[in-house]
Structures are given as C-alpha cells and as structure tokens.
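All residue numbers for the sequence shown refer to full-length UniProt numbering, where the first residue is 1 and numbers rise by one. Ideal Cβ placement from N, Cα and C applies to all residues, glycine included. All of these numbers come straight from a predicted model, not from anything done at the bench. First up is the structure itself, then whatever we jot down about it.
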Amino acid sequence: MAGSLLQNAYYVSNYINAILYGIELVLYFMLVRQLLELQKRTFMDNFMMMFSTVLLILNTIFWTTQVFFGQMMWINNPTYPGGIDGYMQDKSSIWYQTWGTTACVASNLMSDALLTYRCFVVWNSRRVIIFPSIIWVASLVFSIGLLYGSGRPNGDYFAGFAAMAVTAYTASTFAFNVIVTGLICGRIFYFKRYMRLHYGADTTVYTGAVAIVVESALPFTLFSCAYLVTYALGTDVAYAFSFYAMFTCLSPLMITLRVLSRRAWTREAITQFTTTISYHGPSHYVTTDGGIPIEFAEKGAAEANRDLKDSPALAGAPSPREVDISELPV
C-alpha cells in the first residue's frame, strides 16, 4: 500500500535524521572549541558562529517535531479511526508540524544565502551572484506558498496547492544549488589547475576534494536532487530522502569549521591571487603588498632562491617577500 510505503519512508528518514543530527552536534562543539582557541577573533568568526547556532536551533526544531509526530502516530494513537494512514492524513497540518516545516524552510533559505556569499567570495564579483539571488527570492516566494498550503486547516503537504508549492520550492532551491555549486566547483578547479601549472605547489588544503565538497555544499545538492525527482514522480519513497533538509545545517557547519580553522577561501586571498595572475614568471611570487600571493602557493626558500638567481629582472633581490611590484619593469 502507498500508505504503508510512506510510513516506512518516514520511519527511515527519522533514523537518518537522528544520525545526521548527532553529527551536527559534534561539529558544533568542534566549532565552539575552535573559536575559543583563536587568539584573535574577527567579525566574520563571531558572525559565522552565531549563524551556525541559529541553524542548529532551527534544525533541532525540525528534527524534534518530526520525531514527536512519529511518536504520536505510532505509539500514542495506534487505534486512530482510519488507522495510521488516517492519522497521518488528518494531522499533517497540525501546528507543530507547520512549526517544524517553517524551521526547515528558514534553515534552507539561510543556508542558500550563505552559499551565495561564499560564491561571491570565491569569484570576488557581484555580477556572478545576480542570477542566483533572483532564484533565491523565487524560493522565498514559493516557501510562503508551501507553508500556507500545508499549514492551513485540512492542508495536505502531499496533495493540492501545497504539493504544487512544494514542487516549485524544491525545484527552485535545487536549481539554485546546482548553479552555485557549479560556479564554486568550477572556480576552485580553475585555481587548482592554474596553481599546479604555474607554481607546482601542493594545493590540497584549498583545492582538494574536501575543499570542493565543503565549499560548494555538494551533499545538499545531490540529496535534494534525489528528493526532487522522487517527489515529482509522486512516489512515497520521496519522504525517505527528506533527510536532505539536515544538510541545510550540516553544510554551513562544515564551512564555518573551515573558516575558523583558517582553511577556507577569503576575499583577501582571492584578491591577491587574481591580481597576481596578471603577471608571469618570477613575479608570481609577489603581490601588490610585496607578499606571497596565497599562503598555499608559497614555495620553499631554496626553490625561491633558485628562481631569483635565474631571473634578470629580480637579480640581487634579497628575498621574494621584499620585492615591491611597482619597482618591476613593465
């Protein structure tokens, strides 16, 4: 029966949500410890910590309401008229379910907003985020329709106007994440290829697989795709993939951990790197402030000295750190 399949999907989803919530708690306490160990905290450090705290609270609301609804359905009301399927259909718009859905939607929108900012950081351009921002606004509009359709009296998340709003909302958030994830992944791949070609340096920390997965929030994009496809097909299995909502907190937590660990891309690093791209040869070692362009691109002292000796333009220079780019021949 479709009802039994939906119940099984709901049950499995609750278990997966519990596991992911445990991971969220571990990551959050890692963030707290990392923040306390920082000798100098920036405004962004404090902001990301508060942002992560709000996301954790919203995910806690979402997870607990899902678990409580399961308890009320299977434990407290097993003899409900119409059975478990009848209870799920009649009570799907109960106030705490609407509360949990609202928390999930708010967490999703906040996560997408953070991803938009990270895309802006990696590209260092406002024009790149114009189209994703428009899609984000569309997601906000669809989310209002979703909450209205599923939360009104006798509303049904899986039927009628609410179902259409859910499909539109999920499709818009999925499209947003595909575009932004593609932009971030493409940019990091470009940096990785350029650094290996011109510097020969180990760029794993900033351009490796972990950096790409975390910076682009790739898991959220993949699992939301699975949810969207199954939901659009009208199969009850879709609810088993609803755990993708937990990644609206998990992905930002991982990004925040990289920020606090000083392993994330910053606007300063991107600015230095893109400025240095305009120069060739030995000038790759310098920037507008006379320093190494990006920390992970720094070469060893012996290799840098060999480059200096072989370069007529920088002959006699005491150190690549002491070179002022304004003094180089054009």
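Between which two residues does the alpha helix (DSSP H) harbouring residue i extend?
i      : result
Gly155 : Gly155 -> no alpha helix (DSSP H), and no H or E assigned at all.
Asp236 : No alpha helix (DSSP H) holds Asp236; DSSP gives it neither H nor E.
Gln39  : That residue, Gln39, is in no alpha helix (DSSP H); it is neither H nor E in DSSP.
Tyr87  : 83-91
Arg258 : 247-260
Arg118 : 95-123
If you compare alpha carbons, which of the options is closest to residue i?
i           : options                        : result
residue 348 : Gln7, Ile129, Leu109           : No answer is possible for residue 348: the residues shown for the chain start at 1 and end at 330.
residue 367 : Ser172, Tyr11, Gln39, Met49    : The structure shown does not extend to residue 367, since the chain is modelled only from 1 through 330, so no value can be given for it.
Thr53       : Val12, Ser111, Tyr15, Asn14    : Ser111
Ala162      : Phe241, Ala106, Asn177, Ser143 : Ser143
Ala171      : Arg118, Asp45, Leu233          : Leu233
Thr221      : Arg193, Lys91, Leu250          : Leu250
Tyr231      : Ile255, Gly186, Met164         : Met164
Arg262      : Asn154, Met44, Leu58, Ala138   : Met44
Cys185      : Val213, Met195, Gly160, Arg196 : Val213
Cys104      : Val122, Ile61, Asn77           : Ile61
Arg187      : Gly86, Arg152, Val122          : Val122
Met246      : Thr79, Tyr227, Thr235, Asp236  : Tyr227
Gln89       : Thr79, Ala138, Asn154, Tyr96   : Asn154
Ala159      : Val259, Ile255, Asp236, Ile19  : Asp236
Got a sec? Which residues, its chain only, sit under 7 Å from residue i by beta carbon, not counting five neighbours each side?
i           : result
Trp74       : Ile84
Leu257      : Leu27, Met30, Leu31, Gln34
Val141      : none
Ser13       : Tyr239, Ala240, Ser242, Phe243
Ile129      : Thr116, Cys119, Phe120
Tyr15       : none
residue 376 : Residue 376 falls outside the range modelled here, since the chain spans only 1 to 330, and no answer is possible.
So, is residue i buried or exposed, given that buried needs 16 or more other C-beta atoms within 10 angstroms?
i      : result
Ser4   : exposed
Glu37  : exposed
Gln66  : buried
Gln39  : exposed
Gly82  : exposed
Thr42  : exposed
Ala9   : buried
Asn17  : buried
Phe69  : buried
Leu197 : exposed
Tyr169 : buried
With 8 Å set as the bound, which would you pick, yes or no: does the beta-carbon of residue i sit closer than that to a beta-carbon of chain B?
i      : result
Thr167 : Judged by its chain identifiers, the structure shown contains no chain B, having just a single protein chain.
Just to confirm my understanding: we take residue i, look at its own chain, exclude 5 residues before and 5 after, and list those with CB closer than 8 Å. What are they?
i      : result
Ala113 : Trp136
Ile179 : Phe131, Pro132, Ile135
Asn177 : Asp112, Leu115, Ala217, Phe220, Thr221, Ser224
Leu253 : Glu24, Leu27, Tyr28, Leu31, Ser52, Leu55, Leu56
Measure the beta-carbon distance from residue i to residue j and round it to whole angstroms, keeping in mind my assumption that it falls under 8 Å.
i      : j      : result
Ser224 : Phe174 : 5 Å
Thr248 : Ser107 : 4 Å
Leu55  : Thr98  : About 20 Å separates the two Cβ atoms, so there is no contact after all.
Asn59  : Glu24  : 6 Å
If you drop the 5 nearest sequence neighbours on each side, which residues of the same chain put their C-beta closer than 6 Å to that of residue i?
i      : result
Tyr21  : Trp63
Leu183 : Cys119
Lys229 : The sequence shown places Val at residue 229, not Lys. Nothing meets the Cβ criterion.
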